[in-house]
Amino acid sequence: MVFCGIYPADGADYENLRDALEKLQLNDAALSYEPETSGALGFGFRCGFLGLLHLEIIQERLEREYDLDLVTTVPSVIYKINLTDGTTVEIDNPTHYPDPATIASCEEPFTDAHIYSPAEYVGAIMDLCQDRRGVFKNMDYITPDRVDIHYELPLNEIIYDFFDSLKSRTRGYASFDYEICDYRKSNLVKLDVLLNGDIVDALSFIIHSDKAYSKARKIAERLKDNIPRQMFEIPIQIGIGGKIIARETVKAMRKDVLAKCYGGDITRKKKLLEKQKEGKKRMRHFGTVEVPQEAFMAVLKLDDND
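Residues 1 to 306, numbered by our numbering, are exactly what the sequence shown covers, in order.
Quick look at the structure:
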């Protein structure tokens, strides 16, 4: 199963989204959903799908047949978390990720994948699979110029943009087939995004520790480019547990308080600047940051090679 959060871009469409999901479920028993609340996106639903194709079909039907404008969170899989007290929990939502101090080990689902492609693209395909933490098994030549490349890939690495990247690297000639094979222990961490000190739960996701630092930097840079400036400075922080591993800052818009201060009285100018500084400090303390839909989409479409 693949899970993701689906939220209406306009909160007033929540009831319409619920009715639409209810109608779709009547004809599609594989679709599951339950109400979910996000501090950043408001009221929505946590939906379960058979796979990425199923997710895309449901999302397209909601938008086309029911005229809904949607925001979807990063797709997630079911992880098995082994705790220090000997119990095992299964989670499909990063917000339910346990305290790192209580985790003994993590397991993620792996897939048995076959990629069929013209032989000239073998190098590009193997680079992509290695980048997605794939384990090479074998390669067979179906014909002199067409190959079957066999990899074992983490499901989390292929559920979002793997097929798009594969098509891009092979000019659309490659095809891809996979099935779930087993769960394997993996060094996973949860990345939290903090804006002005508050965690944006809808942007949290689980990732392998080897990719955490580079991904965190890219997310911080992308958010900086897509969050509009406010009257106060907005710190963007990406953290693992209580440790901040990447940071960017959206600079505050600044009013020229010295515009009407003629003459050379430096004391007066200093007082005005100090007053402005104190005011912005108060605004930052009490202000809330509205995250536009473009910022969410920018993070969702973040590719490992960006």
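Here a beta-carbon is modelled for each residue, glycine too, at the ideal position from N, C-alpha and C.
Computed from a predicted structure; not experimentally measured.
Query - Bounding residues of the beta strand (DSSP E) (the contiguous stretch that carries GLN237) - result: 234–240
Query raised in the report: Can you tell me the Cα-Cα spacing of ILE180 and GLU107, whole angstroms?
Result: 14 Å
Query raised in the report: Between ARG46 and chain C, is there a C-beta pair that is closer than 7 Å?
Result: No chain C appears in this structure, which consists of one protein chain only.
Query raised in the report: According to the neighbour-count rule (16 or more other Cβ atoms, all chains shown, within 10 Å of its Cβ), is LYS190 buried or exposed?
Result: buried
Requested in this report: Find the nearest neighbour of HIS150 within the set GLN237, GLU22, ILE125, LYS137, judged by alpha-carbon distance.
Outcome: LYS137
Query - Bridge-paired residues (DSSP) for SER105 - result: Under DSSP, SER105 takes part in a beta bridge, and its partners are ASN82.
Requested in this report: Note down, in chain order, each residue of its chain lying with its Cβ closer than 7 Å to the Cβ of LEU128, except the 5 sequence neighbours on either side.
Outcome: SER165, LEU166, ARG169
Query raised in the report: Using the beta-carbon count (16 or more within 10 Å), is TYR121 buried or exposed?
Result: buried
**Report entry** Rounded C-alpha distance that separates LEU155 from THR88
**Finding:** LEU155 and THR88: Cα-Cα distance of roughly 20 Å.
Requested in this report: Give me the Cα-Cα distance between LEU62 and GLU22, rounded to the nearest whole angstrom.
Outcome: 11 Å
Requested in this report: Have a look at ALA216 and GLY11 and give me their C-alpha separation to the nearest angstrom.
Outcome: 29 Å
Report task. Report yes or no: do the segment 190–199 and the segment 235–243 share at least 3 C-beta pairs separated by less than 8 Å? Result -> yes
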